[in-house]
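Working notes for the structure below.
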Ligand code: NAD
């Protein structure tokens with residue numbers, strides 16, 4: 001146990017052991033060894049963190065701070081994060097098997113730092129509105145005000161990345177927060193709390209409890225002083241979390257799962273399409289919500305497309321995240337690794353044709369799976385319908401446009417979609433008919449702080465990024481003044 005790092009949870013700018021006396025082991029997925037442990041917080045710990053957040057909002061300086069001053073605090077946060085980018089990158093590499101390529105996003109000019117600076121600039125631009133209401137001798141105006149204490153619930157696939165999309169706008173809007181990272185990947189978020197000390201935030205503005213969904217997440221959502229919830233995770237977990245929030249009619253932003261189609265048209269630039277499809281799923285080992293995992297390829301190009309796809313995907317180097325030669329790291333944790341292996345075996349048993357078997361990347365230790373490609377997968381099959389969240393794609397052919405639109409939309413999800421064609425007018429027409437929050441034409445995976453993202457259908461509701469991402473953390477107040 002000597003070199004296992006023990007984390008504590010963070011409430012009111014103080015570190016605490018869990019009242020439960022329980023801890024959760026965190027494995028390094030590159031080796032399968034336990035390298036850290038984090039608190040398994042229960043309702044008592046949750047109550048302490050919520051109380052700290054409530055005091056900071058209601059009685060502390062945060063709730064009364066001038067917006068411009070709050071903006072300066074956010075700018076400091078962006079700056080201290082960028083000063084510690086390598087540390088956060090190193091922890092996610094150990095805890096989650098992420099390639100060191102997250103660090104650039106955390107460095108000056110990187111997207112995460114930009115996000116902090118973008119929302120820092122918005123703090124003093126939350127302007128109200130005067131409504132020309134048709135009521136004599138009355139002046140009516142609107143203000144947007146923070147909710148108070150907000151719960152931010154995170155998945156394991158990109159802890160600091162998914163946190164940034166929530167935390168920066170949530171604080172900019174004037175709320176205080178309790179964060180619950182995933183039980184599978186909490187360490188970088190706890191390290192971030194140490195780093196934030198350099199930004200001189202008042203106690204209780206940002207708090208972190210760690211633990212499981214049922215034992216920690218549910219008491220947090222259910223706490224009466226938590227006024228709003230922003231949840232990123234699977235559609236199953238999201239449904240349960242939403243049911244808990246519904247007991248007290250709490251507003252939610254839901255960023256959930258996906259099974260995003262990528263449509264390849266007969267006139268597509270196949271070199272561009274194949275490389276875009278590969279980049280749209282394999283580098284993160286398919287562990288990204290918008291992975292384009294359902295390939296719908298026109299019958300006239302299916303042969304050439306899959307041949308090229310297998311060729312490019314089979315050359316990707318799968319290996320330890322600290323090896324600079326690795327292009328794909330391990331699957332982030334053992335339960336998920338085992339779940340992906342079960343899904344590959346089930347797809348084989350269902351008779352789908354395996355064109356590339358990523359199990360050849362398995363090693364004696366660690367959780368490695370390479371790009372895996374199945375052919376002739378009907379859209380109603382389990383492989384095409386249910387999110388794998390791993391490096392597994394299915395292909396199916398199509399003949400006419402109306403048919404492929406129906407197939408693309410024949411899913412409970414609606415997160416993203418890709419269209420590959422040289423005919424931009426046709427691609428734009430198809431984009432209009434796709435039921436998804438984001439559609440990419442001749443590219444895949446782009447995102448920007450300024451541009452809202454989110455799901456349709458059971459991929460969620462509400463938006464992150466841009467002004468919409470900040471508005472989600474504010475409620476409208478209408479004031480009537482007799483004149
Ligand atoms: P998950 O749903 O198992 O867990 C997500 C978080 O919710 C964890 O912190 C978990 O402890 C918590 N949780 C689970 N049940 C809960 C409950 N009943 N009450 C309160 N909290 C609860 O998801 P995961 O396996 O960690 O992450 C992978 C999933 O996240 C994938 O489906 C992926 O598509 C999705 N995801 C979506 C986005 C997006 O922006 N749409 C981004 C990243 C990941």
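Residue numbers (full-length UniProt numbering): 1 to 483.
Idealized CB from N, CA, C, for every residue including glycine.
Inset, instruction - Let me know the beta strand (DSSP E) ranges lying completely inside the region 381 to 451, each 3 residues or longer, listed in chain order. - result: Runs found: 392 to 398, 416 to 420 and 438 to 441.
Inset, instruction - Specify, as a first and last residue, the run of the beta strand (DSSP E) that residue 33 falls within. - result: Where residue 33 is concerned, the enclosing beta strand (DSSP E) starts and stops at 33 to 39.
Inset, instruction - Measure the CB-CB distance between residue 199 and residue 80 and report whether it falls below 7 Å. - result: Yes, the pair counts as a contact, with Cβ atoms nearer than the cut-off.
Legend entry - Neighbour-count burial assignment, residue 300, 16 or more Cβ in a 10 Å radius: Residue 300 comes out exposed.
Legend entry - Cα-Cα separation between residue 413 and residue 69, rounded to whole angstroms: Going by C-alpha positions, residue 413 is about 41 Å away from residue 69.
Inset, instruction - Could you check if residue 326 is buried or exposed, using at least 16 other CB atoms within 10 Å of its CB as the buried criterion? - result: Classification of residue 326: buried, given that the 10 Å Cβ count is 16 or more.
Inset, instruction - Measure the Cβ-Cβ separation of residue 373 and residue 361 and say whether it is below 7 Å. - result: With respect to residue 361, residue 373 sits apart: the two C-beta atoms are not nearer than 7 Å.
Legend entry - residue 389 Cβ short of 6 Å to the ligand NAD heavy atom set: Yes; taking the cut-off as 6 Å, the Cβ of residue 389 has a heavy atom of the ligand NAD nearer than that.
Inset, instruction - Verify whether the separation of the beta carbon atoms of residue 189 and residue 151 is less than 7 Å. - result: Using a Cβ distance threshold of 7 Å, residue 189 and residue 151 do not count as a contacting pair.
Legend entry - Reference residue 441; option with closest CA among 118, 450 and 426: The shortest Cα separation from residue 441 among 118, 450 and 426 belongs to 426.
Inset, instruction - Would you check if the region 408 to 424 and the region 442 to 460 touch, i.e. whether three or more CB-CB distances between them fall below 8 Å? - result: Short answer: they touch.
Inset, instruction - Keeping to the same chain, check which residues put their C-beta closer than 8 Å to that of residue 75; ignore five residues upstream and five downstream. - result: Taking residue 75 as the centre and dropping the five residues before and after it, the same chain places the C-beta of 116, 117 and 120 closer than 8 Å to its C-beta, in chain order.
Inset, instruction - Taking only heavy atoms of the ligand NAD into account, decide whether any of them is closer than 6 Å to the Cβ of residue 156. - result: Within the cutoff, so yes.
Legend entry - Alpha-carbon spacing of residue 423 relative to residue 352, whole angstroms: Taking the straight line from one Cα to the other gives about 32 Å.
Legend entry - CA nearest to the CA of residue 482, picked from 54, 133 and 95: The shortest Cα separation from residue 482 among 54, 133 and 95 belongs to 133.
Legend entry - Segment contact, 8 Å Cβ cut-off, at least three pairs: the region 428 to 441 with the region 376 to 391: The region 428 to 441 makes no contact with the region 376 to 391, as fewer than three CB pairs between them are under 8 Å.
Inset, instruction - Could you give the DSSP three-state label for residue 372: helix, strand or coil? - result: For residue 372, the secondary structure class from DSSP, reduced to helix, strand or coil, is strand.
Inset, instruction - Could you check which residue in 296, 282 and 125 has the C-alpha nearest to that of residue 290? - result: The shortest CA-to-CA distance from residue 290 to any of 296, 282 and 125 is the one to 282.
Inset, instruction - For residue 41, verify whether its CB is less than 6 Å away from any heavy atom of the ligand NAD. - result: Taken from the Cβ of residue 41, every heavy atom of the ligand NAD lies 6 Å or farther away.
Legend entry - the region 23 to 31 contacting the region 327 to 347, beta-carbon criterion three pairs below 8 Å: They touch, by the three-pair rule.
Legend entry - residue 468 (DSSP reduced to helix, strand or coil): Three-state DSSP puts residue 468 in a helix.
Inset, instruction - Say whether the region 135 to 147 touches the region 92 to 107, bearing in mind that this needs 3 or more beta-carbon pairs closer than 8 Å, one atom from each stretch. - result: Using a C-beta cut-off of 8 Å, the region 135 to 147 makes no contact with the region 92 to 107, since fewer than three inter-stretch Cβ pairs fall below that distance.
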